[in-house]
Amino acid sequence: MCRNKKLMEAFSFFSLVTGLYVLHSSIALLLLNKEVPITRGMLYPRESETREVHSLDGIWNFVRSDPDNPTQGIRDKWFEKDLSKSQPTIPMPVPASYNDITTDNLRDHVGTVWYDRRFFVPRSWRTDQRVWLRFGSVHYEAYVWVNGKRVVKHEMGHLPFEAEVTDVLMYGSENRITVMCDNALIQTSVPQGKITEVPNDNGMTIVQSYTFDFFNYAGIHRSVHLYTTPKTLIEEVKVTTNLKNQNADGEVSYSVSVKGSVVNEADNDLHIQANLYDKEGLLVANATSDGKLEGELQVAEVKPWWPYLMHPDPGYLYQLEIKLLAANEELLDVYRLKVGLRTLSWDQTQFLINGKSVYFRGFGRHEDSDIRGKGLDNALMVRDFNLLKWIGANAYRTSHYPYSEESMQFADEHGIMIIDECPSVDTENFSQELLGKHKSSLEQLIHRDRNHPSVVMWSIANEPRTGSLTADSYFSLVANFTRSLDKTRPITAAIATPYTKDQAGRHLDIISFNRYNAWYTNTGRLDMVTQNVIDEAVAWNKAYQKPVIMSEYGADTLEGLHIQPAYVWSEEFQMEVFSRHFKAFDELRKKGWFIGEFVWNFADFKTAQSYTRVGGNKKGVFTRARQPKAVAHLLRKRYFALGRDLDQCNIPEDIFIYIAEWKS
Ligand code: GCB
142 MCRNKKLMEA
152 FSFFSLVTGL
162 YVLHSSIALL
172 LLNKEVPITR
182 GMLYPRESET
192 REVHSLDGIW
202 NFVRSDPDNP
212 TQGIRDKWFE
222 KDLSKSQPTI
232 PMPVPASYND
242 ITTDNLRDHV
252 GTVWYDRRFF
262 VPRSWRTDQR
272 VWLRFGSVHY
282 EAYVWVNGKR
292 VVKHEMGHLP
302 FEAEVTDVLM
312 YGSENRITVM
322 CDNALIQTSV
332 PQGKITEVPN
342 DNGMTIVQSY
352 TFDFFNYAGI
362 HRSVHLYTTP
372 KTLIEEVKVT
382 TNLKNQNADG
392 EVSYSVSVKG
402 SVVNEADNDL
412 HIQANLYDKE
422 GLLVANATSD
432 GKLEGELQVA
442 EVKPWWPYLM
452 HPDPGYLYQL
462 EIKLLAANEE
472 LLDVYRLKVG
482 LRTLSWDQTQ
492 FLINGKSVYF
502 RGFGRHEDSD
512 IRGKGLDNAL
522 MVRDFNLLKW
532 IGANAYRTSH
542 YPYSEESMQF
552 ADEHGIMIID
562 ECPSVDTENF
572 SQELLGKHKS
582 SLEQLIHRDR
592 NHPSVVMWSI
602 ANEPRTGSLT
612 ADSYFSLVAN
622 FTRSLDKTRP
632 ITAAIATPYT
642 KDQAGRHLDI
652 ISFNRYNAWY
662 TNTGRLDMVT
672 QNVIDEAVAW
682 NKAYQKPVIM
692 SEYGADTLEG
702 LHIQPAYVWS
712 EEFQMEVFSR
722 HFKAFDELRK
732 KGWFIGEFVW
742 NFADFKTAQS
752 YTRVGGNKKG
762 VFTRARQPKA
772 VAHLLRKRYF
782 ALGRDLDQCN
792 IPEDIFIYIA
802 EWKS
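Be aware that the sequence shown starts at 142, since it is given in the numbering used here, and climbs by one per residue.
Shown next, in the form of structure tokens:
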């Protein structure tokens, strides 16, 4: 009797919880489509006859705030004088994450840190021009002062921000820049995290948690520049391209916005002279626009931008020169940028570039390396592109945030296609405030990257929790907002929610799914990979009738660990997991709508501490030091074999080593 009562109680509690869950997922939170701030300016700093660029990279002074008193520096106005006058400072490289630089535990610091340095501004800069201060990225939130005056505040890592500092600088003299950076992630930041206060051996302490696995590196991650522009300047350039007559002719449409014009827009006599040069520096097209500051350039016998291995001359770039001229033809400002001419299109089964169907062979990646963390490092970037080309990849996804502008330019040059992802990871607890920030991250990303030929798709999230009705309306708003900013590229998101529960796929143009067969599901069961991958891809396609990509698969692998027969964490296991996926992909390719495979991950990377990680996430095909694991050689054979079969590329001579003369 008593036992039965307990059972009844347990049952009714269970029904209550289930009921609440069902209620929660069937009532969508009402989300409104509110405006988000629109980014202005922010052209990548480039020198020209009207512009100078000065780098502030180097060794800065650094202070870690007391985690229990993160706002002390603001209250005590540390920005009013050199930091060293308020606190003992340590040297800190810029750009770099601060976490792995010192030998004490700065790594796990939560809250604010401070940077400052002095810099000289030449007397010549005083004359009739503007000076701008631009950060490539500070993670996560940044407050910036120049000579004690606050000039800008920016929230969101991995994206640039700038401020005009003309009036706060002292010319012909030394100046001071102070930056406060806060790495705290909360439920309404992008990405999300949680801050809790928990007891430790000394009382209470602040703990940062987050659901994604990559380490929350922080600091001034990319270069800091000062640059000058004329008073009336080219503020923005937007470029779209098109190919015509079976790719024989090309068209570049440009539109420019100008800041600081003295006359009002309507009777403005400013105009744009646009010149397009080929790689040899020959002028191939030019146009002079009227007061609308926009126009088209027609390019005969165009050399289209092609992805690596899809054409013998991939990544062909022209140089677009934009000259802003006054009514009397006086040259006011000049800005130059590289432009690749290509078309993108997609339908229910395929994605095409220049009219040719694309099969993506790529990677999910991270900006991550020893010591620097997520700090920009040109040596690492160039090494990574060498490895991408060596292995025959034609694409990567900027999992799980925007990568450096320098790497986007490099991808343009080398013909590597990019699925450009905003910093929304494991998105959950959908709220109006989060929606605003998420949209803003996409707005900033698209503003920054819209002119890159390498960017072929936007990824609006990684593994969002898309099982609820709120997710349905949330992603409908995010996807439509993205489309309103750029109609020329398709939209995807890397989804891990089972297709039976997913509410976001219908809002996408291309379905990407992440799944770890034989790793997180059916661990060690190599016999449970191929059919599961086929079945899941087929089900996604059936559910939405859209092209499908497998955007993540893989297995953690400790380089040098060999176990035969294959066993989890060994090099043999990683190779077998890959090969079972290859088999599934080849079956899927025959179906006509499966358009790409992306390994997780390009290289091993650092994670938060966890008992599932030995020194970080080891699913890399390359080690963190960028050396190949055994699987890299296998993948290289596959990627080149696909390149040969699909795009008739040449196979590198060293790819098949001599073994023996085969007798048939
Ligand atoms: C995933 C995530 C990725 C992780 C990966 C893993 O699904 O998208 O960020 O690193 O799994 O290895 O757990």
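C-beta atoms are modelled at their ideal positions from N, C-alpha and C, and glycine is treated no differently.
Note that this is a predicted model, so its numbers are computed, not measured.
Three-state class that DSSP yields for residue i in the structure shown
| i | result |
| --- | --- |
| Gln585 | helix |
| Val499 | coil |
| Tyr694 | coil |
| Ala304 | strand |
| Tyr685 | helix |
| Asp454 | coil |
| Asn405 | For Asn405, the predicted structure reports a pLDDT of 49, less than 50, and the residue's modelled location is therefore unreliable. The matter cannot be settled from this model. |
| Val309 | coil |
| Thr381 | strand |
| Asn673 | helix |
| Lys294 | strand |
| His703 | coil |
| Ser617 | helix |
| Tyr256 | strand |
| Val597 | strand |
| Ser572 | coil |
| Gly199 | strand |
| Ala237 | coil |
| Asp269 | coil |
| Glu728 | helix |
Contact check, residue i vs residue j, beta carbons under 8 Å
| i | j | result |
| --- | --- | --- |
| Gly556 | Tyr449 | yes |
| Val762 | Ala773 | yes |
| Val740 | Phe504 | yes |
| Lys479 | Asp553 | yes |
| Phe743 | Tyr537 | yes |
| Tyr256 | Val235 | yes |
| Arg589 | Met183 | yes |
| Asn288 | Val309 | yes |
| Gly360 | Ser350 | no |
| Leu482 | Ile318 | no |
| Phe714 | Glu677 | no |
| Met558 | Asn535 | yes |
| Gly456 | Tyr358 | no |
| Glu462 | Asn527 | no |
| Leu247 | Thr611 | no |
| Glu437 | Glu377 | no |
| Leu384 | Asn495 | yes |
| Pro445 | Asn386 | no |
| Lys372 | Gln414 | no |
| Arg259 | Glu303 | no |
| Glu305 | Phe261 | no |
Straight-line gap, residue i to residue j (C-alpha atoms, nearest Å)
| i | j | result |
| --- | --- | --- |
| Val627 | Trp599 | Just to set this straight, residue 627 is Asp in the shown sequence, not Val. If I take the Cα positions, the gap works out to 9 Å. |
| Lys222 | Ala283 | 18 Å |
| Ser166 | Ile179 | With a pLDDT of 48 at Ser166, under the threshold of 50, the modelled position of this residue cannot be trusted; read the value that follows with caution. Going from the Cα of Ser166 to the Cα of Ile179 covers about 33 Å. |
| Thr212 | His280 | 17 Å |
| Lys770 | Leu783 | 21 Å |
| Leu775 | Met716 | 7 Å |
| Thr307 | Asp245 | 39 Å |
| His366 | Met297 | 19 Å |
| Gln460 | Lys420 | 7 Å |
| Pro594 | Lys379 | 12 Å |
| Asp788 | Val597 | 18 Å |
| Asp408 | Asn174 | Here Asp408 scores only 49 on pLDDT, less than 50, and its place in the model is too uncertain to base an answer on. |
| Thr337 | Thr346 | 8 Å |
| Gly665 | Leu583 | 38 Å |
| Gly313 | Arg767 | 45 Å |
| Gly432 | Val475 | 17 Å |
| Gly516 | Gly401 | 34 Å |
| Phe353 | Glu569 | 12 Å |
Cβ-Cβ separation, residue j to residue i (assumed contact under 8 Å), whole Å
| i | j | result |
| --- | --- | --- |
| Glu604 | Asp643 | At roughly 11 Å, the Cβ-Cβ gap does not stay under 8 Å, so Glu604 and Asp643 are not in contact. |
| Pro543 | His299 | 4 Å |
| Leu466 | Leu411 | 7 Å |
| Asp650 | Ile632 | 5 Å |
| Lys724 | Thr671 | 5 Å |
| Ile652 | Gln491 | In fact, because the Cβ distance is near 13 Å, the residues do not count as touching under 8 Å. |
| Asp390 | Val440 | 7 Å |
Chain D within 8 Å of residue i, Cβ atoms only
| i | result |
| --- | --- |
| Asp676 | The structure shown contains no chain D, having only a single protein chain. |
Beta strand (DSSP E) runs wholly inside the segment 459-543, at least 3 long, in chain order = 459-466, 472-480, 485-487, 492-494, 501-505 and 536-538
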